[in-house]
Amino acid sequence: MLLSGILFLNLLSESLAHRDPLHGGTPHLHRTPRCYSAEELPQGQVPPHLLARSARWEQALPVALVPSLEAAGPKGPQQGPPAGSRCPTLSPEQVLQADTHERSISPWRYRVDTDEDRYPQKLAVAECLCRGCINTRTGQETAALNSVALHQSLLVLRRRPCSRHGTGAPSPGAFTFHTEFIRVPVGCTCVLPRSAQ
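Okay, so the sequence shown: first residue is 74 according to the working numbering, each after it adds one.
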């Protein structure tokens with residue numbers, strides 16, 4: 074899994090470092106990124122030579138979870154910050170039927186984060202429900218441990234306005250794509266609190 078991720082990053086970097094193959098370009102590592110018009114690529118679309126690698130994105134947890142969260146309806150994905158969410162009390166009966174993120178002693182929930190200028194546009198983001206962690210004997214939250222988010226680094230494409238050659242002024246309606254690493258929360262775990270010095 075790690076090896077396939079590394080290979081994907083190398084392939085994507087090579088793809089971005091070459092001229093658009095649809096226009097017969099040759100490798101050029103320090104070129105100005107290709108600009109696209111809204112007619113060429115409507116909002117939400119990316120260049121075909123980059124989209125051809127999107128199957129790799131579909132394997133990433135933050136992307137793979139989105140369809141099931143959206144299919145779950147109102148009780149599934151949350152579009153905004155947690156509203157009044159609080160640390161749950163766990164009982165043995167709930168644990169038997171719960172998913173991993175619900176039966177963890179550092180439980181979390183997922184929401185769908187949407188960014189129209191990013192590809193993938195939708196990512197599943199984990200949010201910890203407790204400041205502390207749940208005591209396995211009482212089912213109640215304890216401050217003896219802290220809940221912290223676990224992050225996954227994800228390479229995404231960022232859609233940005235193009236600049237005119239030499240002027241730095243954006244070309245009206247034209248845009249390009251840049252690669253960017255972002256850290257996506259994918260779950261929560263329990264850690265010992267930092268001792269006061």
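Ideal Cβ placement from N, Cα and C applies to all residues, glycine included.
Cα-Cα separation between residue i and residue j, rounded to whole angstroms
i    : j    : result
L138 : S164 : 26 Å
N208 : S179 : 10 Å
Q170 : S268 : 36 Å
D190 : R210 : 46 Å
Q167 : T262 : 19 Å
D66  : Y183 : For residue 66 there is no data in the structure shown, the boundaries of the chain being 74 and 270.
Other residues of its chain near residue i: CB distance less than 7 Å, five sequence neighbours each side excluded
i    : result
G260 : H174, W181, A199, L223
A133 : L227
D188 : Q194
E112 : none
Residue interval of the alpha helix (DSSP H) (run including residue i)
i    : result
E166 : 165–170
S141 : 139–144
H113 : A small fix is needed here, since residue 113 is Glu in this sequence, not His. That residue, E113, is in no alpha helix (DSSP H); it is neither H nor E in DSSP.
R176 : 173–176
Beta-carbon spacing of residue i, residue j below 7 Å
i    : j    : result
I255 : L227 : yes
V264 : V221 : yes
A216 : G205 : yes
G212 : T252 : no
C160 : L202 : yes
Opening and closing residue of the beta strand (DSSP E) in which residue i lies
i    : result
T187 : 181–187
R159 : Taken as a continuous stretch (DSSP letters only), R159 belongs to no beta strand (DSSP E), as it is neither H nor E.
V198 : 195–201
C235 : 219–236
beta-carbon residue i near the ligand NAD non-hydrogen atom, thresh 6 Å
i    : result
R233 : The ligand content of the structure shown is nil, which means the ligand NAD is not present either.
Proximal residues to residue i (C-beta, below 6 Å), its chain only, five neighbours per side dropped
i    : result
P193 : W130, V136
F81  : At F81 the pLDDT is 42, less than 50, meaning the model places this residue with poor confidence; the figure from the coordinates comes in the next sentence. Excluding positions up to five away in sequence, the list reads R129.
Below-7 Å beta-carbon distance, residue i vs any chain D residue
i    : result
C160 : Among the protein chains of the structure shown there is no chain D, as only one such chain exists.
Cβ-based burial, residue i [other Cβ within 10 Å; buried from 16]
i    : result
P245 : exposed
V257 : buried
S141 : exposed
P266 : exposed
P115 : exposed
R232 : buried
S110 : exposed
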